[in-house]
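In my numbering, the protein residues as written are 2 to 558.
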């Protein structure tokens, strides 16, 4: 893209740049608009998003920051790496019939023609060259690149680094990086550094379960904690108060965003690091590919097809609610409707949606933003979470006035979602007409397909938790011994288990009449409702998980 005076003026106005800054940037960048923007970004004069918007306005395309967006890996792979590099493009996701692409030159007609022939209907966004280069290297990475990254790191090496001289700062730096790399290698979502009376315990959360990985002496552990506080720009001298920060951790194939939390305990500072990035691909927005069983998926799709009403998703933190909600939006999305999302924070940037992040300090709360959003003529509103009575009331009213509202709610089951809304003070005559359905979900660990095998369970194992008698034939179930593919755990990845409560007119009447829980449960069963544990049992029969996992996660009495 050529740098001309009109573009320079746009940069100057949008970024509030002085003539001296403009002059230096022109001198360093020559006639390239991208190079000019890069100089300004690196010098901290403008943000990446501002640069992208200015350049996007020039070519009449929205800018997409590829560092913040989601990628559907099956959509990325619609183009080969060679073609992506040649055309300077990467597919991001598919909504409806349209494949959304990010390009550095959205005006390249030859490339657009070739992409139309290859992909069909496309939406084109602008991205910056360095973002595209990084995205291509990450999302087209091969097994050899992954192996090269992890070849020099394992638990023995980590142990050896931890035993080097406590005063060796270089060893501490190496240990800090090695621990993050090992966590990435083992697909951990969190790293826990926990002080005990005479040592520090290091644990990784993998597939939702904490695993002991390493014990550190307190001297090296304290140095390690200080290192992580430096990396996350926290005050290393402050040990009495909790602190929160972030680390941008760069590997040879991707930059990982790490959220850091410190907490003072009686034996020292506890550190928990949440690994927000992944080296192993993106998410799948296709509801049909999210392991939702047919008896749940069919009524869920029916509820989402309604022009108005409220569809809620319940489940604990980290149970995949956001992925399900974005899958629902993917199903609904079309050029004919307007979708607004209100989140804290915005988890995935999707250019087809109007997205707003709440900000309590700025007074941008869920209720305030929801009221404003309703004046924007939306068809569909996604509310990240219903946390209080005011938000619940506005969401219910929106559902009654011609909007489809999607949100999450803290409740133990789909049936308890109604109870939760009543406890918030929402009137039954509002809940009944506004509610379209409630989905509850959990994640169980997925069996490793390299070491799992069939076995015949004992009758007592089944009868203790399910309606099973001595006369019934015993099915084959599955378990695993553990292998190198699953780090000896027997599990690799997770799979969802669900239940869905459909709200039809008989159910609506019961809610309005304030029927007791047993009556609502009976009507739900008549509507096709099955408890989550039975969905889990079905997935255990398929060899996707184990009976013990289903029992653990559904917390059966």
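Positions of the beta carbon are idealized from the N, C-alpha and C atoms, including for glycine.
Nearest-angstrom Cα separation, counted from residue j out to residue i
| i | j | result |
| --- | --- | --- |
| residue 226 | residue 454 | 42 Å |
| residue 13 | residue 26 | 11 Å |
| residue 32 | residue 139 | 29 Å |
| residue 396 | residue 426 | 13 Å |
| residue 510 | residue 400 | 17 Å |
| residue 360 | residue 369 | 11 Å |
| residue 552 | residue 546 | 11 Å |
| residue 221 | residue 173 | 7 Å |
| residue 168 | residue 485 | Confidence is the limiting factor: at residue 168 the pLDDT is only 49, short of 50, which leaves the residue's position unreliable, though a coordinate-based value still follows. So the alpha carbons of these two residues sit roughly 35 Å apart. |
| residue 205 | residue 189 | 6 Å |
| residue 116 | residue 127 | 15 Å |
| residue 5 | residue 109 | 19 Å |
| residue 390 | residue 231 | 41 Å |
| residue 37 | residue 125 | 23 Å |
| residue 95 | residue 307 | 22 Å |
| residue 495 | residue 211 | 14 Å |
| residue 241 | residue 323 | 34 Å |
| residue 493 | residue 363 | 42 Å |
| residue 51 | residue 11 | 10 Å |
| residue 73 | residue 317 | 24 Å |
| residue 353 | residue 261 | 32 Å |
| residue 133 | residue 438 | 40 Å |
| residue 508 | residue 523 | 10 Å |
| residue 376 | residue 506 | 30 Å |
| residue 341 | residue 85 | 31 Å |
| residue 77 | residue 398 | 39 Å |
| residue 243 | residue 416 | 37 Å |
| residue 176 | residue 192 | 13 Å |
is_contact[residue i, chain B] using C-beta, thresh 8 Å
| i | result |
| --- | --- |
| residue 539 | Chain labels in this structure do not include chain B; a single protein chain is all it has. |
Beta-carbon proximity of residue i to residue j, cut-off 8 Å
| i | j | result |
| --- | --- | --- |
| residue 479 | residue 544 | yes |
| residue 56 | residue 47 | no |
| residue 45 | residue 66 | no |
| residue 314 | residue 392 | no |
| residue 343 | residue 367 | yes |
| residue 293 | residue 97 | no |
| residue 9 | residue 82 | no |
| residue 130 | residue 35 | yes |
| residue 219 | residue 235 | no |
| residue 548 | residue 462 | yes |
CB-CB length for residue i against residue j, believed under 8 Å
| i | j | result |
| --- | --- | --- |
| residue 309 | residue 405 | 6 Å |
| residue 446 | residue 550 | 5 Å |
| residue 440 | residue 457 | Residue 440 to residue 457, Cβ: 33 Å. No contact. |
| residue 194 | residue 271 | 7 Å |
| residue 634 | residue 112 | Since the first residue of the chain shown is 2 and the last is 558, residue 634 is not available in this structure. |
| residue 346 | residue 269 | 30 Å between Cβ atoms; not a contact. |
Residue from the options whose Cα sits closest to the Cα of residue i
| i | options | result |
| --- | --- | --- |
| residue 114 | 95, 43, 136, 88 | 88 |
| residue 171 | 204, 224, 491 | 224 |
| residue 299 | 315, 332, 322 | 332 |
| residue 356 | 381, 442, 232 | 381 |
| residue 229 | 218, 220, 214, 246 | 246 |
| residue 214 | 107, 37, 179 | 179 |
| residue 518 | 218, 421, 259 | 421 |
| residue 79 | 120, 237, 487, 70 | 120 |
| residue 209 | 386, 319, 30 | 319 |
| residue 286 | 237, 398, 321, 423 | 321 |
| residue 104 | 71, 75, 60 | 60 |
| residue 387 | 350, 371, 239 | 371 |
| residue 267 | 275, 198, 239, 274 | 198 |
| residue 157 | 217, 263, 207 | 217 |
| residue 58 | 273, 93, 7, 259 | 7 |
| residue 203 | 273, 304, 413 | 273 |
| residue 541 | 527, 487, 477 | 477 |
| residue 378 | 365, 385, 402 | 402 |
8 Å Cβ shell around residue i - same chain, five flanking residues per side excluded
| i | result |
| --- | --- |
| residue 256 | 68, 135, 249, 250, 278 |
| residue 512 | 419, 429, 432, 433, 436, 504, 521 |
| residue 483 | 449, 452, 489, 490, 491 |
| residue 288 | 298, 301, 302, 325, 328, 329, 331, 332 |
| residue 123 | 99, 100, 101, 102, 113, 116, 117 |
| residue 469 | 460, 463 |
Neighbourhood of residue i by C-beta distance below 6 Å, restricted to the same chain and skipping five residues each side
| i | result |
| --- | --- |
| residue 297 | 499, 501 |
| residue 141 | 82 |
| residue 558 | In this prediction, residue 558 has a pLDDT of 40, which is less than 50 and means its spatial position is unreliable; nothing more can be read from the coordinates. |
| residue 515 | 429 |
| residue 29 | 40 |
| residue 22 | 46 |
| residue 335 | 97 |
Cβ-based neighbour list, residue i, same chain, cut-off 7 Å, excluding 5 preceding and 5 following
| i | result |
| --- | --- |
| residue 529 | 296, 300, 503 |
| residue 555 | 443, 533, 534, 537 |
| residue 539 | 294 |
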